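Novice:
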Amino acid sequence: MRYRYLLMLLLALPFTQKGYGFAAVKPAGLQCEHLERPLGIDAASPRLSWMMADERLAAKQTAYRVVVGKDSLAVAGKKGLVWDSGKQNSSLSLVTYKGKALEAFTKYYWLVEVWDKDGKPSSSISSFETGMMTMANWKGAWISDGTDVKAKPAPYFRKVFPAAKKIKSARAYIACGGLYELYLNGKKVGNHRMDPMYTRYDRRTLYVTYDVTSQLQNGKNAVGVLLGNGWYNHQSTAVWDFHKAPWRNRPTFCLDIRITYADGTVETVSTDRDWKTALSPVIFNSIYTAEHYDGRLEQVGWNVVNFDDIKWKNAGLRTAPSGNVVAQVMHPVRNVEKIPAISINKINDTAYVFDLGRNISGVSQITVKGEAGTVIRLKHAERLYKNGRADMSNIDQHYRPTDDTDPFQVDIVTLNGRGEESFMPHFNYKGFQFVEVTSSKPVQLTKESLTGYFMHSDVPVAGHIKSSNPTLDKIWFATNNSYLSNLFGYPTDCPQREKNGWTGDAHIALETGLYNFDGITIYEKWLSDHRDEQQPNGVLPSIIPTDGWGYDWGNGPDWTSTIALIPWNIYLYYGDDQILRNNFPNMKRYVDHITDISPSGLTTWGLGDWVPVSDKPPVEFTSSVYYYADAVILAKTAKLLSKTDDYQRYTALAAKIKAAFNAKFLNAATGIYGDGRQTELCMPLYWGLVPEGMKTKVADNLAKKVEGGNNHLDVGLLGTKAILNALSENGHADLAYKVAAQETYPSWGWWIVNGATTLYENWRIDAKRDISLNHIMFGEVGAWLYKGLGGIRTDEQQPGFKNVLLKPNFVSGLDHFEARHDGPYGAIVSSWTRAGEGVVYEVTVPANSSATVYFPLTGSQKAYQDGKVLTGKTEIAAGKYKFEIR
Ligand code: BGC
């Protein structure tokens, strides 16, 4: 929605400039808890936000008023309200509800009225609906089929119930330990996949709300549920011991269908012992490996009214996975993109290999006809052997199978022989480009027999890059593919080998995510996961969520500083401080722990510059940089939250770390840190540890080092976050561009020229270990395009792009570059094109925001607007601008 609205706004802008603008000033893009018209929220004080559709020059909001009520007509007339903010002379467009206590199961309408720059009002209406609000509102019981955790087939559940009167509205609330698919009268409810999202199940269990009004009928109705294991009942065995998770159990769920009749009465249909259960044809499902399906066991019509369930047994009651069942308020995982196969290679009539043409996370769907009992195996791989068969050797090395019944990334389907059969896994996803299909008896397959679905958290697109260098555009595309492939309700490292919430990978990729997608809901949820996993002494595990693995390995500040870095960046990009408020005590506890174990101000806790090109600096170097970054964030957050003592304490701590760091690692005479590796030179620059007067010297040393390597990077995970920014922010943008667009080893472009459509885990494409082909950990380059070339940056003094810093770099070797980011106020565009000796620079600043433009002038160059000379820096209001630099 955000995207569609912004597009409309963009299209309208040129007309405005010429003076025949649309007069349609209106609040637009209304959101509650950062979602459009959410259903089933639990927040007692939800956040309400909006943008301004006002394409005039210097458009801004001079005042606002928010009113909330239960009756849409009354709200439109600003009457009968549960909250009226009154007219506030403010340009704020994100407010927190402060009215009467919200009731559960209630739809609230809200109107926002804004006064424009001329004091003229206009308004728009939206809604949100509360869910359970408190645990006491649940009516259903937690049920399961009572089978052992080791039992493999997924259970079905069903119940037939009457809806005796005319239905006005109906909602389904489903909480689950494991994964569910919910059906009403034979049809799947909603289009979510892999729901609910993964949490530390024994501490927080999520429920999902659906509007099922149109799926119910007067008279008898049938509700059906299929339960999968997910991370709740991990039956596959791998190095992180998820099969030993403390929460592990046979999947279970609790469901309330709340029906409101036209006469105003309410009836709730709930889970209880009277539900029937039987095993389904999903004979095995593992989120980590694959799914097995036996079509001969299908029970046609299992989820409709007239099904004979006489042979089914009654469900049994179970304890809830946790006592903390909360609403899932986030963009769900979906089958977002359909990817047809681009080729099929028939090896023989029992073996075919399909190529999707690009690497994705998700599933394949096969449609096939064959004899009953024919076993089809679908092996999903990122690579092929020379003989054209699927090669899994780069992704299966952490799997520890105990027998051969659960092969990695191999779906196994047994046909029932009743005609054309179609299969797509319910409760698993994989990382792959190729699918090798083998069958126990000959089958005929064509290219159309198999389709891929790119699955991920379906976050709205919030950015776009277009340049005159196709390699750069492909790097951007590949970065986004890897970012999305690693977003499943929590950020992961890779969609195949691990699917783990590796903290380090996530903070490196954070800004890439924030420039390109509207992911706040995912990160807010993931930070709740952090709080669930934090030890009383502040320690966090290296993977989140975790079954307990990761408290002793890989969890130093270079990885688990997510607790500070994510809230701080969400604040910068959204201007919403709730995540800082929610996590401040956790950030403190974390940093205080590092301080306890690091009296000198330096820490050796961490993994270091992971998967470097050549070698890495001492861990003490890289981890102390993150310790410093955390202390700085904590100090700034304390100031923001008016916690004066903490502000002073963490400011002093940051100063202490900085002094200790420079005393140990900086050679003040030469401006070299440590042994002068790229990572050692770029990290202190990027994270602000270099003494003010030394920056140029250190940056020049970095530039020399990079040039010495023929404009190639020589860094690992931590270095990639810093290197391009350290160069472009310190006078070496041309060089940063050369490194970013490099096409020979080692570089992002090297992967691209070798056919990559995703980012890799290793700079070498022929490496022997750490060789997943879909890792996001080197993904900062995607953010750098916006920052280093487009120059679109947050302004810490006015976060959420209230004021945009525009610091473009017109780098040599590139003729055109355009970045667009859809922020909380609307589309920000920064676009430059070479024209003769000069550059034409075009900018869009959305309504109710402003920008500070820094022109990168060289020599005798000047910036002009309508023939007028500007200084090197200029403040602009909302609108569309064209500057000439010559
Ligand atoms: C993961 C990484 C992760 C690392 C930690 C790997 O196995 O795939 O991306 O950050 O372990 O060392």
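In case it helps, the numbering used here puts the sequence shown at residues 217 to 1102.
Ideal Cβ placement from N, Cα and C applies to all residues, glycine included.
Treat the numbers as computed from the prediction; the structure is a model and nothing was measured.
1. Please tell me whether, using a cut-off of 7 Å, the distance from the CB of H991 to the nearest non-hydrogen atom of the ligand BGC is below it.
2. Could you check the C-alpha separation between Q751 and L1073 for me, to the nearest Å?
3. Enumerated in chain order, which unbroken segments of the alpha helix (DSSP H) with a length of 4 residues or greater are wholly contained in the segment 912 to 962?
4. Determine whether the beta carbon atoms of S309 and Q277 lie at a separation below 8 Å.
5. Could you tell me if the beta carbon of G578 falls within a distance shorter than 7 Å of some heavy atom in the ligand BGC?
6. Taking a contact to mean a Cβ-Cβ separation below 8 Å, would you say K682 touches V579 in this structure?
7. If Y1080 sits next to F1099, beta carbons under 8 Å apart, how far is it from one beta carbon to the other, in whole angstroms?
8. How do the segment 449 to 467 and the segment 597 to 607 stand: do at least 3 beta-carbon pairs fall below 8 Å, yes or no?
9. Between V1055 and I1092, what straight-line distance do the alpha-carbon atoms span, to the nearest angstrom?
10. Mapping DSSP to helix, strand and coil, what is C710?
11. Quick one: is W903 buried, meaning 16 or more other Cβ sit within 10 Å of its Cβ, or exposed?
12. Return yes when at least one heavy atom of the ligand BGC lies under 7 Å from the C-beta of G770, else no.
13. Touch check for the segment 813 to 825 and the segment 762 to 773: three-plus C-beta pairs under 8 Å?
14. When you compare each of V841, V626, S1076 and I576 to R593 by their alpha carbons, which one comes out closest?
15. For P1129, count neighbouring Cβ atoms within 10 angstroms of its own Cβ and tell me buried if that reaches 16, exposed if not.
16. Do you know offhand how far D287's Cα is from G296's?
17. Given the structure, does L781 come close to the ligand SAM, in the sense that its CB is under 7 Å from one of the ligand's heavy atoms?
18. What is the rounded straight-line gap between the Cα of V906 and the Cα of D418?
19. Are the segment 879 to 893 and the segment 911 to 920 touching, with three or more C-beta to C-beta distances below 8 Å?
20. Exposed or buried, A478, counting other C-beta atoms within 10 Å across all chains shown (16 or more means buried)?
21. Examine the ligand BGC and report whether any of its heavy atoms sits within less than 7 Å of the Cβ of D1011.
22. Helix, strand or coil for K303 per DSSP?
23. Just verifying my parser: in three-state terms, what is the DSSP assignment at T687?
24. Go to N798, then tell me how far its alpha helix (DSSP H) extends in each direction, as first and last residue.
25. Helix, strand or coil: which one does DSSP assign to L1086?
26. DSSP three-state label for P1040, please.
27. So is R616 buried or exposed if we call it buried at 16+ other beta carbons inside 10 Å?
28. Based on Cα-Cα distance, which residue from Q544, R420 and I611 lies nearest to Y976?
29. Quick one: what's got a C-beta closer than 7 Å to Y842's C-beta in the same chain, skipping five residues either side?
30. Going along the chain, which residues of its own chain have a beta-carbon closer than 7 Å to the beta-carbon of D709, five neighbours each way excluded?
31. Who are the near neighbours of N978 in its chain, counting only those whose CB is closer than 7 Å to its CB and skipping five residues on each side?
32. Going by DSSP, what residue range makes up the alpha helix (DSSP H) through P783?
33. Using CA atoms only, rank isn't needed, just tell me which of N437, R634 and S673 is closest to Q544.
34. Taking just the CA atoms, how far does P412 sit from V441?
35. Jot down the residue ranges of each uninterrupted alpha helix (DSSP H) in the segment 421 to 446, minimum 4 residues, whole runs only, in chain order.
36. Between S306, T566 and P707, which has its C-alpha nearest E652's C-alpha?
Specialist: Taking the coordinates as given:
1. Here residue 991 is taken as the residue at index 775 of the sequence shown, counted from 1. At least one heavy atom of the ligand BGC is nearer than 7 Å to the Cβ of H991, so yes.
2. Residue 751 sits at position 535 when you count from the first residue of the sequence shown. Residue 1073 sits at position 857 when you count from the first residue of the sequence shown. Spanning the two alpha carbons is a distance of roughly 51 Å.
3. 933 to 944 and 949 to 957
4. Sequence index remark: in the sequence shown, residue 309 carries index 93 (1-based). Sequence index remark: in the sequence shown, residue 277 carries index 61 (1-based). A contact, by the Cβ cut-off of 8 Å.
5. Translated into the one-based positions of the sequence shown, residue 578 becomes position 362. No.
6. As a working note, residue 682 is residue 466 in the sequence shown. As a working note, residue 579 is residue 363 in the sequence shown. Cβ atoms of K682 and V579: not closer than 8 Å.
7. As a first step, residue 1080 is located in the sequence shown; it is residue number 864 there, counting from the start. As a first step, residue 1099 is located in the sequence shown; it is residue number 883 there, counting from the start. About 7 Å; that satisfies the 8 Å criterion.
8. no
9. Mapped onto the sequence shown, residue 1055 falls at position 839. Mapped onto the sequence shown, residue 1092 falls at position 876. So the two alpha carbons sit approximately 19 Å from each other.
10. Residue 710 sits at position 494 when you count from the first residue of the sequence shown. Coil, per DSSP.
11. As a first step, residue 903 is located in the sequence shown; it is residue number 687 there, counting from the start. Buried is the call here.
12. Locating residue 770 in the sequence shown gives position 554, where the first residue counts as 1. At least one heavy atom of the ligand BGC lies less than 7 Å from the C-beta of G770.
13. yes
14. Here residue 593 is taken as the residue at index 377 of the sequence shown, counted from 1. Of the candidates V841, V626, S1076 and I576, the one whose C-alpha sits nearest the C-alpha of R593 is V626.
15. Outside the shown range of the chain (217 to 1102) lies residue 1129, about which nothing can therefore be said.
16. Stepping through the sequence shown from its first residue, residue 287 is reached at position 71. Stepping through the sequence shown from its first residue, residue 296 is reached at position 80. Straight-line Cα distance between these residues: approximately 8 Å.
17. The ligand SAM is not part of the structure shown, which contains the ligand BGC as its ligands.
18. As a first step, residue 906 must be located in the sequence shown, where it is residue number 690. As a first step, residue 418 must be located in the sequence shown, where it is residue number 202. Rounded to the nearest angstrom, the two C-alpha atoms are 45 Å apart.
19. With a cut-off of 8 Å, the segment 911 to 920 and the segment 879 to 893 count as touching, because enough Cβ pairs lie within range.
20. Position 262 of the sequence shown, counted from the first residue, corresponds to residue 478. A478 is exposed by the Cβ-count criterion.
21. Counted from its first residue, the sequence shown places residue 1011 at position 795. No - the ligand BGC has no heavy atom lying nearer than 7 Å to the Cβ of D1011.
22. Your numbering for residue 303 matches position 87 in the sequence shown. Here K303 sits in coil by DSSP.
23. As a first step, residue 687 must be located in the sequence shown, where it is residue number 471. Judged by DSSP in its simplified three-state form, T687 adopts helix.
24. Translated into the one-based positions of the sequence shown, residue 798 becomes position 582. Q794 to I813 is the span of the alpha helix (DSSP H), which, as asked, contains N798.
25. Position 870 of the sequence shown, counted from the start, is the residue given in the question as residue 1086. L1086 falls in the strand class under three-state DSSP.
26. Taking the first residue of the sequence shown as 1, we reach residue 1040 at position 824. Here P1040 sits in coil by DSSP.
27. Looking up residue 616 in the sequence shown gives position 400. By the 10 Å Cβ count, R616 comes out exposed.
28. Taking the first residue of the sequence shown as position 1, residue 976 is located at position 760. Taking only the C-alpha atoms, the option nearest Y976 is I611.
29. What you label residue 842 is simply residue 626 of the sequence shown in a count that begins at 1. Around Y842: P773, D774 and S777.
30. Your numbering for residue 709 matches position 493 in the sequence shown. Here the set comprises N702, N716, W718, D721, H991 and M993.
31. On the sequence shown, residue 978 is found 762 positions in, with the first residue counted as 1. In its chain, beyond the 5 residues on either side, V827, D986 and I987 have a beta carbon closer than 7 Å to the beta carbon of N978.
32. By 1-based counting over the sequence shown, the position of residue 783 is 567. Here the alpha helix (DSSP H) through P783 covers T778 to Y790.
33. Start at 1 with the first residue of the sequence shown, and residue 544 comes out as number 328. Looking at the Cα atoms, S673 is the closest of the given residues.
34. By 1-based counting over the sequence shown, the position of residue 441 is 225. By 1-based counting over the sequence shown, the position of residue 412 is 196. So the alpha carbons of these two residues sit roughly 13 Å apart.
35. Taking only runs of at least 4 residues, no alpha helix (DSSP H) segment lies wholly in the segment 421 to 446.
36. Against the sequence shown, residue 652 aligns to sequence position 436. Closest option to E652, Cα to Cα, is T566.
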